[in-house]
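Okay, so here's the structure we're looking at.
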Amino acid sequence: MTFENIVLERGEEIDTRTSHAIAAAQMRGEARAPGRNPRQVVPAIAEELSRLGLRPNLRELARRYGAPGSAPSTGARRSRPAHQ
1 MTFENIVLER GEEIDTRTSH AIAAAQMRGE ARAPGRNPRQ VVPAIAEELS
51 RLGLRPNLRE LARRYGAPGS APSTGARRSR PAHQ
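Just so we're aligned, residue 1 is where the sequence shown starts under full-length UniProt numbering, counting upward by one.
Here it is in structure tokens:
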């Protein structure tokens with residue numbers, strides 16, 4: 001099993017400031033989801049990441065939060081493998 005980032009990188013490294021913003025977005029998304037249901041947490045986090053101008057990696061978010069089935073749709077484009 002491979003582990004990917006929860007955001008799709010744009011070819012550059014994620015700096016410390018962005019890393020902290022990602023963690024804060026993740027916590028805001030978790031807090032917005034009632035009962036922390038994976039089907040609600042994943043889109044909430046994806047929305048928070050999108051607000052930062054980042055592209056959420058829906059497949060990785062779904063894996064991390066144990067969302068059943070395929071990754072939910074939030075309008076983000078499908079990801080390319082992070083290990084190119």
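Built from N, CA and C at the ideal position, the CB exists for glycine as well.
Consult DSSP for residue i and reduce its assignment to one of helix, strand or coil.
i   : result
P56 : strand
A82 : The predicted model places A82 with a pLDDT of 40, which falls under 50 and marks its position as unreliable; any figure quoted below should be read in that light. Reduced to three states, the DSSP call for A82 is coil.
Please classify residue i as buried or exposed, where buried requires at least 16 other C-beta atoms within 10 Å of its C-beta.
i   : result
R17 : exposed
A23 : exposed
L54 : buried
P68 : exposed
L52 : exposed
Would you check if the distance between the CB atom of residue i and the CB atom of residue j is smaller than 8 Å?
i   : j   : result
A57 : E13 : Going by the sequence as given, residue 57 is Asn instead of Ala. Not a contact, by the Cβ cut-off of 8 Å.
G29 : E47 : yes
S38 : Y65 : Note that residue 38 is Pro in the sequence shown here, rather than Ser. Yes, they are a contact pair.
Among the options, which has the Cα closest to the Cα of residue i?
i   : options          : result
L61 : L49, R36 and V42 : V42
A31 : I45, A21 and S19 : I45
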